[in-house]
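976 is the number that the working numbering gives to position 101 of the sequence shown; each next residue is one higher, with no gaps.
Below is one structure; the comments refer to it alone.
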Amino acid sequence: VSSEGEYIVTATNAATGCTSQQTVLVTADRTKPELQAAASGTITCDVTEVTLTATSMTPDVTFSWEGFTAGENPVSVSSEGEYIVTATNTITGCTSQQTVLVTADRTKPELQAAASGTITCDVTEVTFTATSMTPDVTFSWEGFTAGENPVSVSSEGEYIVTATNAVTGCTSQQTVLVTADRTKPELQAAASGTITCDVTEVTLTATSITPNVSFSWIGFTAGENPVNVSSEGEYIVTATNAATGCTSQQTVLVTADRTKPELQASASGTITCDVSEVTLTATSMTPDVTFSWEGFTAGENPVNVSSEGEYIVTATNTATGCTSQQTVLVTADRTKPELQASASGTITCDVTEVTLTATSMTPDVTFSWEGFTAGENPVNVSSEGEYIVTA
């Protein structure tokens, strides 16, 4: 039957015509599980990732977010949009869905910046002023105290101001070019390499073929050259001709390669009563990558496990030292098949043989009666007693 309600069965004694009746009550539970889902906040320039969390007051509930591994909860997202989560009651199979709207605010603040004039040999100082129509904005000029505005400079070159929205962390930059009516000293500056996960510091070196030149890196002690830096970005050096007071500036772009290696990891299947062990395999499209599974010898891949649970693998780029991690969920299905078995009647002087029949609501089930050929079902017996069937 597929409907709830009362069902009546009548038993009739063929020899006497006597009957008995019994009522069986079939109930139904199609209640959808209770579901609550929410995002941890709004994506901004500072908050690049928010967490989506689903909860339920209903017991025995699993969650599945569209686009993520089934059962993964909470999940993290970096893009605005609608995200759908399904709650499934593992007892009844009933489901609920909810959509979480993730919003983003990455609007750059409006920024205007200008210099008060041109530097000459006599005019040794000009003023920079930054303004913005956007509320809650602070300004930071490279080489100056954060929040200082306007600022005064005495060297020609490019000066960069950053406007930061204190609410969202979004920034705008503008470069103010200060010109000078003087011959600039020749200047060369370069970085020694690229910052990686292993190489945490590079050297910036400035040189000049002009005599009597001193160097000053913004953010470092005047005259200190070369200098060491541990962050990528633009670094500005000023060369000053001590004889004329004329200066040159150069920006060195320090780059970084902290790209995490690409990583894919999966299990070969599900642990069952027959399959007692599955294989976990990690792969990567990134060259020069080694793998390390938690709980196993470093470099061992693939690995075999015999217990369900989460297994973590780390991929390391040997060229940069950068790493990625991924969790593989190993599941197990050791559910026993459903089994019903009955005899067709009672052995009497007239009925010398009865039929034993086994049935199961579980798909792909075979039966074996003790004392009979495996797979034989139903079977006939002519003796009273207990008969055991295995599904």
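Each residue gets a CB set at the ideal place from its N, CA and C atoms; glycine is no exception.
These figures come from a predicted structure and were not determined experimentally.
Excluding its 5 nearest sequence neighbours in each direction, A1005 has C-beta neighbours in its own chain below 8 Å: L986, Q987, A988, F1014, W1016, N1024, P1025, V1036, A1038, Q1049, listed in chain order. Around the beta carbon of S1106, fewer than 16 other beta carbons lie within 10 angstroms, which makes this residue exposed. For G1022, the three-state secondary structure derived from DSSP is coil. With a cutoff of 8 Å on beta-carbon distance, V1153 and A1142 are scored as near each other. DSSP places T999 in the coil class of the three-state scheme, outside both helix and strand. Listed in chain order, the beta strand (DSSP E) runs fully inside the segment 899-940 are 911-914, 925-930, 936-940, counting runs of at least 3 residues. By the neighbour-count definition (other C-beta atoms within 10 Å, threshold 16), L910 is a buried residue.
Residue burial is scored here from C-beta neighbours: S1047 has at least 16 other C-beta atoms within 10 angstroms and is therefore classed as buried. In the three-state DSSP reduction, G992 falls in the coil class, being neither helix nor strand.
The beta carbons of A1114 and P1162 sit no closer together than 8 Å.
Taking the C-beta atoms as reference points, V1051 is found nearer than 8 Å to Y1034. In chain order, I918, V977, T978, A979 place their CB closer than 7 Å to the CB of E955, counting only its own chain and leaving out the 5 sequence neighbours on each side. From the listed residues T1147, T1206, Q1125, I1070, the smallest Cα separation to T944 is found for T1206.
Between the segment 1065-1077 and the segment 1088-1097 there are fewer than three inter-stretch CB-CB distances shorter than 8 Å, so the stretches are not counted as touching. A straight line joining the alpha-carbon of G1184 with that of W1092 spans about 53 Å.
In the DSSP annotation of this structure, the continuous segment of the beta strand (DSSP E) that includes G1108 starts and ends at 1108-1116. In the DSSP annotation of this structure, the continuous segment of the beta strand (DSSP E) that includes V1036 starts and ends at 1032-1040.
The Cβ atoms of G1018 and I1111 lie closer than 8 Å to each other. Here P1086 is exposed, its C-beta having fewer than 16 other C-beta atoms within 10 Å. When C-beta atoms of the segment 935-954 are compared with those of the segment 884-891, fewer than three pairs fall below 8 Å, so the two segments do not count as touching.
For the pair S953 and T999, the CB atoms are not nearer than the 8 Å cut-off. If you look at I1222, you'll find it isn't in any beta strand (DSSP E); DSSP assigns it neither H nor E. Secondary-structure assignment with DSSP links E881 through a beta bridge to L900. In the same chain as V1042, and ignoring 5 residues on each side of it, the C-beta atoms closer than 7 Å to its own belong to D1011, in chain order.
Relative to N1192, the option among D1073, A1233, G946 whose CA is nearest is D1073. Residue range 1164-1168 is occupied by the beta strand (DSSP E) that includes V1164.
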